[in-house]
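Trainee: Residue numbering for the sequence shown follows the working numbering, beginning at 271 and increasing consecutively.
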Amino acid sequence: MLLYQTHFTVTGLGDLEKVNKMKKAILCIEGVNKVEITGLNRVSITYDPTKAMPGVFSSIMSSLGLRAPGG
């Protein structure tokens with residue numbers, strides 16, 4: 271199985287409750303293997319591209335108030 275990794279730069283990662291909700295929601299998506307905070311305002315997601323799409327990840331983050339700078 272070939273896994274992809276995508277990275278997002280987002281604001282709002284200082285809110286631990288939002289981060290935990292985001293991780294839980296994204297890990298519930300079929301095909302997602304790992305969600306990590308990899309640095310200041312950086313999220314890394316490892317997933318199977320035949321089952322999950324990055325657009326869904328960003329929609330979840332946005333719904334929780336985690337946003338790309340300037341977005």
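Don't be surprised by glycine CBs; every beta carbon is placed ideally from N, CA and C.
May I ask you to report which of helix, strand or coil DSSP gives I330?
Mentor: Against the sequence shown, residue 330 aligns to sequence position 60. Reduced to three states, the DSSP call for I330 is helix.
Trainee: Please look up how many angstroms separate the CB atoms of V289 and I296, rounded, as I've assumed it's under 8 Å.
Mentor: If you number the sequence shown from 1, residue 289 lands on position 19. If you number the sequence shown from 1, residue 296 lands on position 26. About 11 Å; that fails the 8 Å criterion.
Trainee: Does L336 pass the burial test, meaning 16 or more other C-beta atoms within 10 Å, or should it be called exposed?
Mentor: Here residue 336 is taken as the residue at index 66 of the sequence shown, counted from 1. With 16 or more other Cβ atoms within 10 Å, it is buried.
Trainee: Please report the residue range of the beta strand (DSSP E) in which V302 lies.
Mentor: Counting from one through the sequence shown, the residue named residue 302 turns up at place 32. Where V302 is concerned, the enclosing beta strand (DSSP E) stretches over 302-309.
Trainee: Which residue from D285, T320, L334, S314 puts its Cα closest to that of T276?
Mentor: Within the sequence shown, numbered from 1, the residue matching residue 276 stands at position 6. Nearest option by C-alpha distance: S314.
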